[in-house]
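Structure first, then comments.
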Ligand SMILES: [Zn+2]
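Residue numbers (the working numbering): 3 to 191.
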């Protein structure tokens, strides 16, 4: 963000796909006195209410994925807004539940000037995961991932959506295409 010339104070909305530590870990930081503070001091943070419930009532299978310091202090400070359903966050930005990876995992869908982009988080974490059957072992509901992914991929091909691959080591974003019956990713330049 610093490289792009964006300061933390300029961020007004932070949307969580879900609250796993590798996604929400940057939401807060510990200051010199050890106090937990929001990384983006002027932002409203947004998450799915169901995911917050899961994140604060963990079980043996998902406990290692959630760290309360990433989101409980935000809720206590009154700057964590929870959405119950698919919703429009601001003009052109919507959240849409995918489930699969965790029950309330959501994608962030963006629209601007007739073009679409999608931050699908752990629905398709890397370009290797565009293929229907390639699903992470982390997923709590892999068959739901399968259903949501197939639906999303069909739509992404049709709308030529710019898709972000947040866990891919080489391709930050690209376009999903079908070539000779195979689903492939054309990296965005
Ligand atoms: Zn996750």
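C-beta atoms are modelled at their ideal positions from N, C-alpha and C, and glycine is treated no differently.
Bear in mind that the values here come from a model prediction, so they are computed numbers and not experimental data.
| query | For the candidate residues 33, 126, 17, 34, whose alpha-carbon lies nearest to that of residue 26? | reply | What you label residue 26 is simply residue 24 of the chain shown in a count that begins at 1. The residue with the shortest Cα to Cα distance from residue 26 is 17.
| said: Does the beta-carbon of residue 166, which I'm using as the reference point, lie nearer than 7 Å to any heavy atom of ligand 1? | reply: Taking the chain shown and counting its residues from 1, the one referred to as residue 166 is at position 164. Relative to ligand 1, residue 166 has its C-beta separated by 7 Å or more from all heavy atoms.
| Quick one: Cα of residue 126 to Cα of residue 39, how far? | Position 124 of the chain shown holds residue 126. Position 37 of the chain shown holds residue 39. Here the alpha carbon of residue 126 sits roughly 30 Å from the alpha carbon of residue 39.
| message | Quick check on residue 152: buried or exposed, where buried means 16 or more other Cβ atoms within 10 Å of its Cβ? | response | Looking up residue 152 in the chain shown gives position 150. It is exposed - the Cβ of residue 152 has fewer than 16 other Cβ atoms within 10 Å.
| said: Are the CB atoms of residue 29 and residue 47 within a distance shorter than 8 Å? | reply: The sequence position of residue 47 within the chain shown is 45, counting from 1. The sequence position of residue 29 within the chain shown is 27, counting from 1. Yes; because the gap between Cβ atoms is below 8 Å, this pair is in contact.
| task | Run the proximity test for residue 87: is its beta-carbon closer than 7 Å to any non-hydrogen atom belonging to ligand 1? | result | The sequence position of residue 87 within the chain shown is 85, counting from 1. Incorrect: residue 87 has no Cβ contact closer than 7 Å to ligand 1.
| Any idea what DSSP makes of residue 51, helix, strand or coil? | Residue mapping note: residue 51 aligns to position 49 of the chain shown, counting from 1. DSSP, read as helix, strand or coil, puts residue 51 in helix.
| query | Taking just the CA atoms, how far does residue 7 sit from residue 163? | reply | Looking up residue 163 in the chain shown gives position 161. Looking up residue 7 in the chain shown gives position 5. If you take the alpha carbons of residue 163 and residue 7, they lie about 26 Å apart.
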